[in-house]
Amino acid sequence: MSAQPAVPADEVRLEPMRWWHVEACVALERDLFPADAWSPETFWSELARVPDSRHYLVALDAGGRVVGYAGLSALPPEADIQTLAVAPSGQGRGLGSRLLDALLAEAARRGATTVLLEVRADNEAALHLYGRRGFVPIARRRDYYAPGVDAVVMKRPPGADRGRP
Numbered sequence: 002m003s004a005q006p007a008v009p010a011d012e013v014r015l016e017p018m019r020w021w022h023v024e025a026c027v028a029l030e031r032d033l034f035p036a037d038a039w040s041p042e043t044f045w046s047e048l049a050r051v052p053d054s055r056h057y058l059v060a061l062d063a064g065g066r067v068v069g070y071a072g073l074s075a076l077p078p079e080a081d082i083q084t085l086a087v088a089p090s091g092q093g094r095g096l097g098s099r100l101l102d103a104l105l106a107e108a109a110r111r112g113a114t115t116v117l118l119e120v121r122a123d124n125e126a127a128l129h130l131y132g133r134r135g136f137v138p139i140a141r142r143r144d145y146y147a148p149g150v151d152a153v154v155m156k157r158p159p160g161a162d163r164g165r166p
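Counting from 1 along the sequence shown, just add 1 to a position and that's the residue number in this note's numbering.
Dropping the structure here:
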């Protein structure tokens, strides 16, 4: 993927993921997660469940390029963060927080009181982001992403958003 200029989170718009975003999402997925990237078919399968049990967003820069995406599976009282990705040009600028907050708001709107996710154990930035939003580690899945690459299962229990601004 070619380098893009830095993208401040407040200059990005979030909108529902549509079929025409899949190609760009797959390219970003392969750039960010080359060893375990989702296939186009996985994205299509997830989008086929919107709006019944899924909610997917893309983050678009001023030029309409996909600089992030996120997805949620919601079967109340629980929801699962399926994916959250931010292009290198948007990392460290609050875009991941915006995407996560949008998914958490959708989970609440759908009646989910508990939210779960899996994250690579070596992804310190994501672990920090999720921790700031009230997620706590509850399990570890050995070799989940690849041999030697574990997943941390995290849970955001009911009431975790109390006291947040």
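We put the CB at the ideal spot given by N, CA and C, even for glycine.
If you draw a straight line from the C-alpha of Thr-84 to the C-alpha of Phe-34, how long is it?
Cα to Cα, Thr-84 sits roughly 11 Å from Phe-34.
Would you mind working out which of Glu-16, Ala-103 and Gly-149 sits nearest Ala-63, comparing C-alpha positions?
Closest by alpha carbon: Glu-16.
Do you know how far the Cα of Val-67 is from the Cα of Glu-12?
Between Glu-12 and Val-67, the C-alpha separation is close to 13 Å.
For Met-2, which of helix, strand or coil comes out of DSSP?
Bear in mind that the predicted position of Met-2 carries a pLDDT of just 44, short of 50, making it too unreliable to give a figure here.
Put Val-23 into one of helix, strand or coil per three-state DSSP.
Looking at Val-23 - three-state DSSP - the assignment turns out to be helix.
Could you spell out the range, first to last residue, of the alpha helix (DSSP H) harbouring Gly-97?
Run containing Gly-97: 96-110, per the alpha helix (DSSP H) assignment.
May I ask you to report which of helix, strand or coil DSSP gives Thr-43?
The answer is helix: DSSP assigns Thr-43 an H, G or I state.
Touching or not, the region 93-108 and the region 41-53, by the rule of three or more beta carbon pairs under 8 Å?
The region 93-108, when compared against the region 41-53, does not touch it at the 8 Å Cβ threshold.
Only counting runs of 3 or more residues, tell me where the beta strand (DSSP E) segments fall wholly within the region 44-68, in order along the chain.
Counting whole runs of 3 or more residues, the region 44-68 contains the beta strand (DSSP E) stretches 55-61.
What separation, rounded to the nearest whole angstrom, lies between the Cα atoms of Val-27 and Arg-110?
Roughly 28 Å between the two C-alpha positions.
Is the Cβ-Cβ distance between Leu-175 and Ala-108 less than 8 Å?
This structure cannot settle anything about residue 175, because the visible part of the chain is limited to 2 through 166.
Between the alpha carbons of Thr-114 and Gly-149, how many angstroms are there, rounded?
Thr-114 and Gly-149: Cα-Cα distance of roughly 33 Å.
Whole angstroms are fine: how far does the CA of Trp-20 sit from the CA of Glu-42?
C-alpha separation (whole angstroms): 11 Å.
Applying the criterion that 16 or more other CB atoms from any shown protein chain within 10 Å of the CB defines a buried residue, is Glu-125 buried or exposed?
It counts as exposed.
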